[in-house]
Amino acid sequence: MSSQRANQLIEAGLWLRLSGDAQGAQRLFERALELDSTNTRAREYLAAAAGAPSRGAATPFERPPELEPSLGRLAPTDADLPVSPALEGDWGAWAEGQGGPSEAGGKSPPAPVVLREALDGAPADVLELLARDVVIEFDEPVIQTKGDTDEYGIPEGHTQEFGLPVAESELDLLLRGAEDLLELDDHSGAVDLLFKAKGLAPSDIRVESLRARSERMLMARLESKLGDLGRVPAVRLQPDDIIWLNLDHRAGFVLAQIDGSVSYEDLFSLSGMTRLDTARILVQLIDEGVISAG
Amino acid sequence: MAEPEPLIGIDLGTTNSIVATVQDGQPVVIKNRTGQGLTPSVVAMAKNGKRLVGSIAKRQAITNPQETVYAAKRLIGRKFSSHEVQDSLRALSYEVVAGQHDDLRIRMGGKDLSVPEISAMILQELKADAEAHFGRPVSKAVITVPAYFNDAQRQATKDAGRIAGLDVLRIINEPTAAALAYGFGRTVNGRVAVLDLGGGTFDVSVLDISQGVFDVVGTGGDTYLGGEDWDNRIIEWLVFGFAKEHGIDLRKDRMALQRLKDAAEKAKVELSSVRETGLNLPFICTPPGGGAALHLQATLSRDKLDDLTSDLAERVVGLTTEVLGEAGVRASELKEVILVGGMSRMPKIVEAVRGYFRREPCKGVHPDEVVALGAAIQAHALVQPEHELLLLDVTPQSLGVAIAGGSVRRLIPKNTTVPTSATEVFATSKDFQRVVKIMVLQGEHDLAHQNELLGEFVLTGLREAPRGQVEIDVTFDINAEGIVSVHAKDRETGLRQSITVTASSGLTEEELQRIMDEQRGYLIAARASEELKTRRVELDSLARDVVDALTRARLLPGGGGLAPDVMPRAEQVLEHARAVRAGEDVAALGRACELLTGCLAQLKGPAPGGTGR
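Top to bottom, those sequences are chains H and G. With the first letter of the first sequence counted as 1, position 170 gets the number 170 in this note's numbering; the numbers rise by one all the way through. Position in the second sequence (first residue = 1) + 1000 = this note's numbering.
Have a look at this one:
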């Protein structure tokens, strides 16, 4: 059972990693390894995470090497996230059916989550694929001795484990992942998972109550990071430096409102976004050294 | 000796409002709590349920359009069925519904609010700014209104003042206030034109100043022409350029549009003092297919802006010509031309006015402040009887009755000082007429239906006689409070009938009292909410310190010499604090803070190494 639970945690961790919460993912991989110390995937993901440079440590004052700002998202993109060397070409490579690099010992690398649609020659942009309403299967990692996996032959709507409909097991998986994250005090990761769970089951009471709880806790945490909400934040960078940041238009809007006269509380009011989204953007701007707390 | 109560003058504008006072004999503007002289006349209910007033409300106007009320002055004191209101409805982003007395209500935050309530929120903000400036309560004010405002609009403005907790000493005309600020009450006898180009309206007034009496001889303009039109031209130019470069229409994105609006206004203001300005809006939008957010960078010159808005400047001149024509005044007859309003800072406007009048207009350094300064001067004069500039309360528009043929017989002409009384004899217009209907009208138009109907009543039981033989005395009385009483008396029989007309904003006295009670409740709740917020911040800070101290103590061998119950007790207190924080009990939060402070002292108590205290 613990091995199965560990695998579920790994899948949830991958969700988190995709949504940009590398730390949350790392915690889940750690938990998976605690439950099943022989789990190769958990070990590899963790090793990769530990080897990757910390994004938070990067100084915002340094100009990025490329002149064009990359993907307009506040959250780290998939390319920025720590990736196991064994999973180079994770998502993209596998989705295109090219297979992963072979490992010494003749074993295939552990199979990552695979997007079924992508196998049909669809574009390799995973984020784009995720943006669509795609049913994603979370499979047990299969150690292969031959080329490809054969789980694609399973009839749609069933998992190989319980014979349950995909959507249901996916929802349970997300809920369990969220519960684990809440236990680990990772409310940000939990909120992300529950957001996805809500997409699958909008009226599920368990999702709603967990979401409300995790959002409340996350909001309290973000607010405590911001400190006194009556304080007035200030932009630390020059306009010429700002344009090199990796922000999306929502963060750009919040940043544009910070003019040395509006308080955090005012920013919540005038952002036009939810309090949680605004707080997340503000904390991220502080963490990245774009604004000073006031 | 106790200091006299501070007095303020308020320019309650369509787009911006301003408060001023007289200090050491000099009129000065009171800056708001964000350090600005101007407070946008915008009120909003933010998505988080917080009431916003002023620049904060303005800055979220586009991202939260249905809950943001602007330009309420265009609606104040008007009837819902009036064509002015019906015309306005098409352009408003917020919802307006009919009230019980053909007045109108604005839907905001799930409530239907009267227009005076909305204006009162702005006045409350200005009052609070003044109180912060003086450091004590302020309750007495003079408020300005456009010269064309009728009694209902003036009364509604007064009601707004009452709701805001102000004792409105007097309502004065904006052009009169501007002329007062320039000192023309003392130095000029003759005709003066006041051109007020603000953020949303353009008012032209011609005043006849004589021995300190300011008579408005002509007024007009356009209630939909102002600085916002100049901003919109800049926005259009920016949107077009961006669409050409990136194929994206920024107007479809509310966040982008809000930023464009803010940037356009800023650029317009800057171009009044420099010849060229840069517009820099990083991360303005993310392309529809995803990818890196795009930046908008542009340079706008004064010449380009003049080119984009040349027709607007022409309209200013055209409307001025119209008003002067209607008042029968030639430009050359004017003693002075006064430019008022933020837009009169624009060199192009000054040039256009100079070209039309063939003279240099009077324009102060802060043309947007002069109306408030004039109001402050008048407020000051009201408490100093020796002052020469005491304006008398006058009737803003003529009062009369409808007569046969659908025309008006004026009994009290406009600008008559109150209290006043006038009687005129009327006769029946039909043979054997037994009943006469007295319709009390206000306005300057010769046709009865073009004037405001203040009230009507019927005098019955007249003697049957050929037309013209029954005479009726009609008497108008206006008392010092501006309350109009009209009496009609059959001269022969002595039969009498009367009506008392109190200018109404559409709100009854009961409604006003209820609203004032609600406002008091709101202010109390707002203060409690502030206290709650402060307590929570304090609690968070203390809880963080306790958690840090607890963590340190756990790492030390033997708990750093702490008594065995200190750490479990701290955990309990933290848990209690967490539970209390979720509630709204300020007293409980205070107690939790005290408990945390006690824990912190205990956790920090022992000396390092656990050697005791």
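Just so you know, even glycine gets a beta-carbon here, dropped at the ideal spot from N, CA and C.
Would you mind stating whether residue i and residue j have Cβ atoms separated by less than 8 Å?
{"i": "MET1255(G)", "j": "HIS249(H)", "result": "yes"}
{"i": "VAL1370(G)", "j": "PRO1361(G)", "result": "no"}
{"i": "ARG1434(G)", "j": "THR1475(G)", "result": "no"}
{"i": "GLY1099(G)", "j": "ARG1090(G)", "result": "no"}
{"i": "GLU170(H)", "j": "LEU210(H)", "result": "no"}
{"i": "ILE1010(G)", "j": "ALA1128(G)", "result": "no"}
{"i": "TRP1230(G)", "j": "LEU1312(G)", "result": "yes"}
{"i": "GLY1221(G)", "j": "ASP1203(G)", "result": "yes"}
{"i": "ARG295(H)", "j": "ASN1048(G)", "result": "Not covered by the structure: residue 295(H). The range shown for chain H is 1 to 294."}
{"i": "ALA6(H)", "j": "ALA42(H)", "result": "yes"}
{"i": "ARG236(H)", "j": "GLY289(H)", "result": "yes"}
{"i": "LEU222(H)", "j": "ALA279(H)", "result": "yes"}
{"i": "SER1139(G)", "j": "LEU1113(G)", "result": "no"}
{"i": "GLY1199(G)", "j": "GLY1342(G)", "result": "yes"}
What did DSSP end up calling residue i once you bin it into helix, strand or coil?
{"i": "ARG1191(G)", "result": "strand"}
{"i": "PHE1149(G)", "result": "coil"}
{"i": "THR1460(G)", "result": "coil"}
{"i": "MET1343(G)", "result": "helix"}
{"i": "LEU1574(G)", "result": "helix"}
{"i": "TYR1356(G)", "result": "helix"}
{"i": "GLU1351(G)", "result": "helix"}
{"i": "ALA201(H)", "result": "coil"}
{"i": "ASN1016(G)", "result": "strand"}
{"i": "ALA1601(G)", "result": "helix"}
Cα separation between residue i and residue j?
{"i": "ASP1151(G)", "j": "THR1223(G)", "result": "18 Å"}
{"i": "ASP1024(G)", "j": "ALA1543(G)", "result": "50 Å"}
{"i": "ARG1520(G)", "j": "ALA1130(G)", "result": "18 Å"}
{"i": "PRO1413(G)", "j": "MET1516(G)", "result": "35 Å"}
{"i": "VAL1194(G)", "j": "THR1157(G)", "result": "22 Å"}
{"i": "ALA1132(G)", "j": "PRO1004(G)", "result": "17 Å"}
{"i": "ASP285(H)", "j": "GLY272(H)", "result": "Correcting the residue identity first, residue 285(H) is Leu in this sequence and not Asp. Each residue's alpha carbon lies about 18 Å from the other."}
{"i": "ASP1446(G)", "j": "GLY1506(G)", "result": "26 Å"}
{"i": "ASP1540(G)", "j": "GLY294(H)", "result": "17 Å"}
{"i": "GLU215(H)", "j": "ASP228(H)", "result": "19 Å"}
{"i": "LEU1238(G)", "j": "PHE195(H)", "result": "37 Å"}
{"i": "ARG1409(G)", "j": "SER1205(G)", "result": "25 Å"}
Return no unless some Cβ of chain G is closer than 8 Å to the Cβ of residue i.
{"i": "PRO239(H)", "result": "yes"}
{"i": "HIS249(H)", "result": "yes"}
{"i": "GLY189(H)", "result": "no"}
{"i": "GLY13(H)", "result": "no"}
{"i": "ILE243(H)", "result": "yes"}
{"i": "VAL262(H)", "result": "yes"}
{"i": "GLN257(H)", "result": "yes"}
{"i": "ASP228(H)", "result": "yes"}
{"i": "VAL126(H)", "result": "Here the model assigns VAL126(H) a pLDDT of 32, short of 50, so the residue's position is not dependable, and the following value carries that caveat. Cβ-Cβ to chain G under 8 Å: no for VAL126(H)."}
{"i": "GLY252(H)", "result": "yes"}
{"i": "SER269(H)", "result": "yes"}
{"i": "SER214(H)", "result": "no"}
{"i": "SER224(H)", "result": "yes"}
Answer with yes or no whether the minimum CB distance from residue i to chain H is below 8 Å.
{"i": "ILE1284(G)", "result": "yes"}
{"i": "MET1346(G)", "result": "no"}
{"i": "ALA991(G)", "result": "Residue 991(G) lies beyond the range of chain G shown here (1001 to 1613); nothing can be said about it."}
{"i": "LEU1574(G)", "result": "no"}
{"i": "GLN1124(G)", "result": "no"}
{"i": "ASP1446(G)", "result": "no"}
{"i": "THR1157(G)", "result": "no"}
Can you tell me which of the options puts its alpha carbon nearest to the alpha carbon of residue i?
{"i": "THR1015(G)", "options": "LEU1089(G), ARG1105(G), LYS1127(G) and GLY1226(G)", "result": "GLY1226(G)"}
{"i": "ARG1136(G)", "options": "ALA1553(G), PRO1006(G) and ALA1592(G)", "result": "PRO1006(G)"}
{"i": "LYS1261(G)", "options": "SER1114(G), ALA1061(G) and GLY1342(G)", "result": "ALA1061(G)"}
{"i": "VAL1337(G)", "options": "THR1176(G), ALA1376(G) and ARG1059(G)", "result": "THR1176(G)"}
{"i": "HIS1101(G)", "options": "GLU1084(G), LYS1348(G) and PHE1080(G)", "result": "PHE1080(G)"}
{"i": "GLY1212(G)", "options": "THR1219(G), LEU1180(G) and ILE1030(G)", "result": "LEU1180(G)"}
{"i": "GLY1594(G)", "options": "ARG1051(G), ALA1046(G), HIS1295(G) and ARG1535(G)", "result": "The sequence shown places Glu at residue 1594(G), not Gly. Of the candidates ARG1051(G), ALA1046(G), HIS1295(G) and ARG1535(G), the one whose C-alpha sits nearest the C-alpha of GLU1594(G) is ARG1535(G)."}
{"i": "PRO1396(G)", "options": "GLY1218(G), CYS1599(G), VAL1436(G) and LYS1111(G)", "result": "GLY1218(G)"}
{"i": "ALA1588(G)", "options": "GLU1531(G), ILE1478(G) and GLY1559(G)", "result": "GLU1531(G)"}
{"i": "GLU1095(G)", "options": "LEU1123(G), VAL1053(G), ILE1118(G) and GLN1066(G)", "result": "GLN1066(G)"}
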